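So the structure is just underneath, and the comments pick up after that.
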Amino acid sequence: MLTAIIHILIDAVILMIAAKFLNKVHLKSFKTAILVALLIGVLSFFLSWLLTAVLNIATLGMFYFLGLGFVTRIVAYAIIIEIADQLSSGFKTEGFLPSLWLAVILALFGSIVDAMLF
Numbered sequence: 003m004l005t006a007i008i009h010i011l012i013d014a015v016i017l018m019i020a021a022k023f024l025n026k027v028h029l030k031s032f033k034t035a036i037l038v039a040l041l042i043g044v045l046s047f048f049l050s051w052l053l054t055a056v057l058n059i060a061t062l063g064m065f066y067f068l069g070l071g072f073v074t075r076i077v078a079y080a081i082i083i084e085i086a087d088q089l090s091s092g093f094k095t096e097g098f099l100p101s102l103w104l105a106v107i108l109a110l111f112g113s114i115v116d117a118m119l120f
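Last residue of the sequence shown: 120 in my numbering, with the numbers rising by one and none dropped.
In structure tokens:
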């Protein structure tokens, strides 16, 4: 439970920093960043496996068989960020490409955090 809270707080900080550097990502405040990080976490928990499965089927498993399964996971994460964008009033991404970059950044730093916490 504590690691989940730490992970959400770190994701919120990463969202704030990413919003500063990515021109097409807009975040209202740190409170909004915490809510968006929580929303992304919940959506990821419930939808990530489904979106990854659909993308694997749609690509005939090409990325999976080539050892590039992370590509479908990143795209699924970007779709989840787009859904969070639609559900949150203080968080906006202008298009899919900024969501994709944000997904890469969150996945990269999330992996580092997971490695340090576990």
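From the three backbone atoms N, C-alpha and C, an ideal C-beta is built for every residue, glycine too. Since the structure is predicted, the reported quantities are computational estimates derived from the model, not experimental observations.
C-alpha distance - residue i paired with residue j, whole-angstrom precision
i, j, result
"residue 37", "residue 28", "14 Å"
"residue 21", "residue 60", "31 Å"
"residue 89", "residue 68", "34 Å"
"residue 42", "residue 86", "6 Å"
"residue 17", "residue 104", "8 Å"
"residue 58", "residue 52", "10 Å"
"residue 56", "residue 118", "31 Å"
"residue 45", "residue 109", "15 Å"
"residue 19", "residue 64", "34 Å"
"residue 4", "residue 66", "33 Å"
"residue 73", "residue 12", "23 Å"
"residue 70", "residue 113", "16 Å"
"residue 47", "residue 62", "24 Å"
Same chain only: Cβ atoms within 6 Å of residue i, ignoring 5 sequence neighbours per side
i, result
"residue 100", "24, 26 and 27"
"residue 92", "30 and 34"
"residue 111", "16"
Contact under 8 Å by Cβ, residue i with residue j
i, j, result
"residue 49", "residue 82", "yes"
"residue 14", "residue 32", "yes"
"residue 95", "residue 78", "no"
"residue 9", "residue 106", "no"
Run of the alpha helix (DSSP H) containing residue i, from where it starts to where it stops
i, result
"residue 101", "98-119"
"residue 71", "71-89"
Beta-carbon contacts of residue i that lie in its chain and below 8 Å, excluding the five residues immediately before and after
i, result
"residue 98", "80 and 84"
"residue 102", "76, 77 and 80"
| Where in the region 3-69 do unbroken runs of the alpha helix (DSSP H), each at least 4 residues long, occur, reported from the N-terminal end onward? | Counting only runs of 4+ residues, the alpha helix (DSSP H) found wholly inside the region 3-69 occupies 4-23, 32-60 and 64-67, in chain order.
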